[in-house]
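Residue numbers (our numbering): 43 to 270. Before any comments, here is the structure.
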Amino acid sequence: MPTKTKAAPGKSSARESEVERRARTRKIIARLEKAYPDATCALQHKSALELLVATILSAQSTDARVNMVTPALFAKYKTAQDLASADPRVLEHEIHSTGFFRSKTRSIIGMAHALLERHGGQVPDTMEQLVQLPGVGRKTANVVLGCWFKKNEGIVVDTHVQRIVTLLGLTKEKDPVKIERDLMVLVPRDKWTWFSNALIQHGRRVCIARRPKCEVCVVNRVCPSSKV
Numbered sequence: 043m044p045t046k047t048k049a050a051p052g053k054s055s056a057r058e059s060e061v062e063r064r065a066r067t068r069k070i071i072a073r074l075e076k077a078y079p080d081a082t083c084a085l086q087h088k089s090a091l092e093l094l095v096a097t098i099l100s101a102q103s104t105d106a107r108v109n110m111v112t113p114a115l116f117a118k119y120k121t122a123q124d125l126a127s128a129d130p131r132v133l134e135h136e137i138h139s140t141g142f143f144r145s146k147t148r149s150i151i152g153m154a155h156a157l158l159e160r161h162g163g164q165v166p167d168t169m170e171q172l173v174q175l176p177g178v179g180r181k182t183a184n185v186v187l188g189c190w191f192k193k194n195e196g197i198v199v200d201t202h203v204q205r206i207v208t209l210l211g212l213t214k215e216k217d218p219v220k221i222e223r224d225l226m227v228l229v230p231r232d233k234w235t236w237f238s239n240a241l242i243q244h245g246r247r248v249c250i251a252r253r254p255k256c257e258v259c260v261v262n263r264v265c266p267s268s269k270v
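Structure representation (structure tokens):
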């Protein structure tokens, strides 16, 4: 009769309680804080408007690609009025390399018009107002609120975050909104913005989708998916 193998010390099991998961999350956070103490948004920006535009462009694209496009873009379009007055065909060409350029152009121009009509051309600082802008969902709003306005209203769940928290056993959900809800219970509110930025950096440097470097991962001892 085969014997049952025990889970490695510190790692989760299928029967992990909520209390145990919270304790393990604290250990994960402590280890990530040592590795990424200053984790921040990788999108280059100098204003709330620039960050909002960059985040819209980052959908289905990489931050590196967006950062290649935005310097010339922001030098040309400095205000919401500039963006609202943009020629769609010209803007499409300027952001073409970020992908989905037609829908992004509609979103950016529509967002700029909404800023002028509703907020005097300024980017609002509340979740309710941000998500009412064309092309702005909760994820984009979380980026702007957390990284520019320093308001922890939620946790950004991008592809890196979704993949890593699933590997870490912090959620079983597939929907980003439900994943965020699970994480908001486990992670202290004052760390919400930092937490997502840290996981994004970790996903790019160590927990790489196709070739995770488990042997050098700072959370390998508290990760149920670790191969170490």
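No residue lacks a Cβ here, since even glycine has one placed at the ideal position from N, Cα and C. Quick caveat: nothing in here was measured; it's all calculated off a predicted structure.
- Inter-residue distance for residue 68 and residue 129 is about 50 Å (C-alpha atoms, whole angstroms).
- Shown here, residue 229 sits in coil according to DSSP, grouped into three states, outside any helix or strand.
- At least 8 Å separates the beta-carbon of residue 256 from that of residue 238.
- Here the segment 56 to 66 does not lie against the segment 75 to 92, with fewer than 3 beta-carbon pairs under 8 Å apart.
- Here the segment 157 to 171 lies against the segment 190 to 205, with 3 or more beta-carbon pairs under 8 Å apart.
- Judged by DSSP in its simplified three-state form, residue 139 adopts helix.
- Taking each of 261, 220, 190, 250 in turn and checking the Cα distance to residue 236, the smallest one comes out for 190.
- Using a Cβ-Cβ distance cut-off of 8 Å, the segment 154 to 167 and the segment 214 to 231 are not in contact, since fewer than three pairs of beta carbons, one from each stretch, lie closer than that value.
- Shown here, residue 157 sits in a helix according to DSSP, grouped into three states.
- Here residue 207 is buried: its Cβ has 16 or more other Cβ atoms, across all protein chains shown, within 10 Å.
- Within the same chain, 267 come within 6 Å of residue 209 by CB-CB distance, once the 5 residues on both sides are set aside.
- Rounded to whole angstroms, residue 254 and residue 137 show a C-alpha spacing of 31 Å.
- The Cβ-Cβ distance between residue 222 and residue 186 does not fall below 8 Å.
- Going by C-alpha positions, residue 205 is about 11 Å away from residue 244.
- Assignment of residue 83 by DSSP, reduced to helix, strand and coil, places it in the coil class.
- Here residue 194 carries a coil assignment [DSSP, helix/strand/coil].
- Between the C-alpha atoms of residue 107 and residue 70 there is a straight-line separation of about 30 Å.
- Here residue 111 has 99, 136, 137, 139, 140 as same chain residues with Cβ atoms under 8 Å from its own Cβ, once five neighbours each way along the sequence are excluded.
- Inclusion of residue 96 and residue 87 in the CB contact set at 8 Å is warranted, their separation being smaller than that value.
- DSSP places residue 181 within a helical segment (H, G or I) once states are collapsed to three.
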